[in-house]
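What follows is one structure encoded as C-alpha coordinates, with my remarks underneath.
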Amino acid sequence: MNKRREAEMSKLRRDLEESNLQHEQSMSALRKKHNDSVAELSEQVDQLNKAKARVDKEKQQIKGELDDVKASVEHLSRDK
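Residue numbers (numbering that gives the first Met the number 0): 0 to 79.
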(Lines of atoms letter the chains of each structure in order from A and count residues from 1; the text may use other names and numbers.)
(Lines give C-alpha, C1' and ligand atoms only; values in the text may rest on other atoms or scores of the structure.)
Protein backbone atom coordinates (compact mmCIF):
# COMPACT_ATOMS: atom_id res chain seq x y z
CA MET A 1 0.00 0.00 0.00
CA ASN A 2 2.87 2.40 0.76
CA LYS A 3 4.46 1.64 -2.59
CA ARG A 4 1.21 2.45 -4.33
CA ARG A 5 1.01 5.81 -2.55
CA GLU A 6 4.61 6.60 -3.34
CA ALA A 7 4.06 5.69 -6.98
CA GLU A 8 0.94 7.85 -7.08
CA MET A 9 2.77 10.75 -5.42
CA SER A 10 5.64 10.36 -7.85
CA LYS A 11 3.22 10.41 -10.78
CA LEU A 12 1.46 13.48 -9.37
CA ARG A 13 4.83 15.26 -8.98
CA ARG A 14 5.78 14.45 -12.57
CA ASP A 15 2.38 15.62 -13.77
CA LEU A 16 2.74 18.84 -11.79
CA GLU A 17 6.26 19.44 -13.10
CA GLU A 18 5.08 18.82 -16.66
CA SER A 19 2.14 21.15 -16.14
CA ASN A 20 4.45 23.84 -14.73
CA LEU A 21 6.82 23.43 -17.67
CA GLN A 22 3.97 23.78 -20.16
CA HIS A 23 2.71 26.83 -18.29
CA GLU A 24 6.17 28.43 -18.36
CA GLN A 25 6.49 27.73 -22.09
CA SER A 26 3.08 29.26 -22.72
CA MET A 27 3.96 32.31 -20.65
CA SER A 28 7.26 32.68 -22.47
CA ALA A 29 5.52 32.51 -25.85
CA LEU A 30 2.93 35.07 -24.73
CA ARG A 31 5.63 37.40 -23.40
CA LYS A 32 7.50 37.19 -26.70
CA LYS A 33 4.31 37.88 -28.64
CA HIS A 34 3.52 40.82 -26.36
CA ASN A 35 7.04 42.26 -26.66
CA ASP A 36 6.95 41.90 -30.44
CA SER A 37 3.60 43.69 -30.56
CA VAL A 38 4.84 46.49 -28.31
CA ALA A 39 7.96 46.92 -30.46
CA GLU A 40 5.88 47.05 -33.64
CA LEU A 41 3.47 49.58 -32.15
CA SER A 42 6.35 51.70 -30.87
CA GLU A 43 7.82 51.76 -34.37
CA GLN A 44 4.45 52.83 -35.77
CA VAL A 45 4.17 55.60 -33.16
CA ASP A 46 7.66 56.83 -34.07
CA GLN A 47 6.81 56.87 -37.77
CA LEU A 48 3.55 58.71 -37.12
CA ASN A 49 5.30 61.28 -34.94
CA LYS A 50 7.88 61.89 -37.67
CA ALA A 51 5.13 62.23 -40.28
CA LYS A 52 3.24 64.65 -38.03
CA ALA A 53 6.35 66.77 -37.51
CA ARG A 54 6.96 66.84 -41.27
CA VAL A 55 3.33 67.85 -41.95
CA ASP A 56 3.45 70.54 -39.25
CA LYS A 57 6.62 71.96 -40.80
CA GLU A 58 5.03 71.99 -44.26
CA LYS A 59 1.93 73.63 -42.79
CA GLN A 60 4.02 76.43 -41.29
CA GLN A 61 5.80 76.96 -44.61
CA ILE A 62 2.50 77.13 -46.47
CA LYS A 63 1.08 79.55 -43.88
CA GLY A 64 4.14 81.75 -44.38
CA GLU A 65 3.71 81.66 -48.15
CA LEU A 66 0.01 82.47 -47.76
CA ASP A 67 0.81 85.45 -45.55
CA ASP A 68 3.31 86.68 -48.16
CA VAL A 69 0.72 86.35 -50.93
CA LYS A 70 -1.91 88.15 -48.82
CA ALA A 71 0.51 90.98 -48.15
CA SER A 72 1.32 91.23 -51.86
CA VAL A 73 -2.38 91.31 -52.78
CA GLU A 74 -3.06 94.02 -50.19
CA HIS A 75 -0.10 96.02 -51.45
CA LEU A 76 -1.30 95.73 -55.06
CA SER A 77 -4.85 96.65 -54.04
CA ARG A 78 -3.63 99.78 -52.28
CA ASP A 79 -1.49 100.79 -55.26
CA LYS A 80 -4.48 100.74 -57.65
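Each residue gets a CB set at the ideal place from its N, CA and C atoms; glycine is no exception.
Just the C-alpha distance for residue i and residue j, rounded to the nearest angstrom, thanks.
{"i": "residue 75", "j": "residue 69", "result": "10 Å"}
{"i": "residue 42", "j": "residue 77", "result": "53 Å"}
{"i": "residue 12", "j": "residue 37", "result": "37 Å"}
{"i": "residue 10", "j": "residue 21", "result": "16 Å"}
{"i": "residue 65", "j": "residue 55", "result": "15 Å"}
{"i": "residue 19", "j": "residue 45", "result": "38 Å"}
Could you give the DSSP three-state label for residue i: helix, strand or coil?
{"i": "residue 0", "result": "coil"}
Quick one: residues in its chain with C-beta nearer than 6 Å to the C-beta of residue i, no 5 flanking neighbours on either side, listed in chain order?
{"i": "residue 29", "result": "none"}
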